[in-house]
Every structure is written in structure tokens, then in C-alpha cells.
Amino acid sequence: MTRRGDRVPRPADPDKWDLFAADNPAGEGWDSLCRSHPSAARAAFDAIQRDPRHRNQRQHPLKGSLGTRSIGGRPLPQWQYEATGGGRIWYCIDDDRHRIWITHAGAAHPKVTE
Numbered sequence: 003m004t005r006r007g008d009r010v011p012r013p014a015d016p017d018k019w020d021l022f023a024a025d026n027p028a029g030e031g032w033d034s035l036c037r038s039h040p041s042a043a044r045a046a047f048d049a050i051q052r053d054p055r056h057r058n059q060r061q062h063p064l065k066g067s068l069g070t071r072s073i074g075g076r077p078l079p080q081w082q083y084e085a086t087g088g089g090r091i092w093y094c095i096d097d098d099r100h101r102i103w104i105t106h107a108g109a110a111h112p113k114v115t116e
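3 is the number of the first residue of the sequence shown in the working numbering; add one for each residue after it.
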């Protein structure tokens with residue numbers, strides 16, 4: 003319930019996807035990316051929310067063992083959005099719940115890819 007002085011939440015848009023942190027490190031990474039690169043984080047959020055399967059130079063599915071990830075016991079396709087020159091957002095697309103699960107976010111390349 004929104005009370006006096008609370009930030010008023012944006013109403014849900016049925017044509018857009020809801021984004022959630024898959025775990026605490028993903029949420030902390032997202033917060034850090036938003037602090038260090040707010041414009042890039044906002045652009046990434048908008049692009050992913052609008053069309054999580056859009057393919058271009060910044061947004062594409064991950065390959066190999068990184069191409070799927072288990073969320074809630076279900077394997078989901080994992081994608082990447084290049085937010086900055088080094089910053090990456092990894093996310094899984096949950097069609098059943100119409101949700102995007104952020105699995106990694108940060109201002110640097112994920113160490114697993116180095």
C-alpha cells in the first residue's frame with residue numbers, strides 16, 4: 003500500500019516484462035551498475051523490459067554452458083546485454099511468469115568469461 007511520502011510505483015504494463023534479481027549478488031551488482039552508470043543501466047532496463055529477445059550487437063543469447071541457467075529448478079535461456087564497454091547484464095527469460103531474472107550485473111566483464 004502506498005502511503006504519504008512513499009514513492010509511487012509505476013503501474014504494471016502488460017506488454018512489458020517485469021525484472022527481478024535472481025539472487026543477492028545479482029541485486030547488488032545491479033545496484034552498483036545503477037550507481038556507476040545510471041544512464042546505461044536505464045537504457046538496458048528499458049531495452050530488456052521491452053523486448054528481452056531482441057538481437058543486436060549489445061543484446062544476444064549466451065552460448066555453451068552459459069546459455070541456460072536453472073531458476074527455481076527450471077532451465078531458462080540466459081542472455082546478455084552489454085550495458086557499457088565492459089559492463090554486462092546477464093538475464094534469464096521466464097516465459098511462464100513473464101519475468102526477467104537478472105543473474106549477473108556489473109560494470110566489468112564477468113570473471114567466468116575471462
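Cβ coordinates follow ideal geometry from the N, Cα and C atoms, glycine included.
- Rounded to the nearest angstrom, the gap between the Cα atoms of residue 100 and residue 12 is 17 Å.
- Spatial neighbours of residue 17 in its own chain (CB-CB distance under 7 Å, excluding positions within 5 residues in sequence) are not present.
- Contact check for residue 111 and residue 75: beta-carbon distance about 29 Å, past the 8 Å limit, so the pair fails to qualify.
- In the structure shown, residue 27 falls within a helical segment according to DSSP collapsed to helix, strand and coil.
- Partner residues in the beta bridge of residue 70, as assigned by DSSP, are 79.
- In the displayed model, residue 107 falls within a strand according to three-state DSSP.
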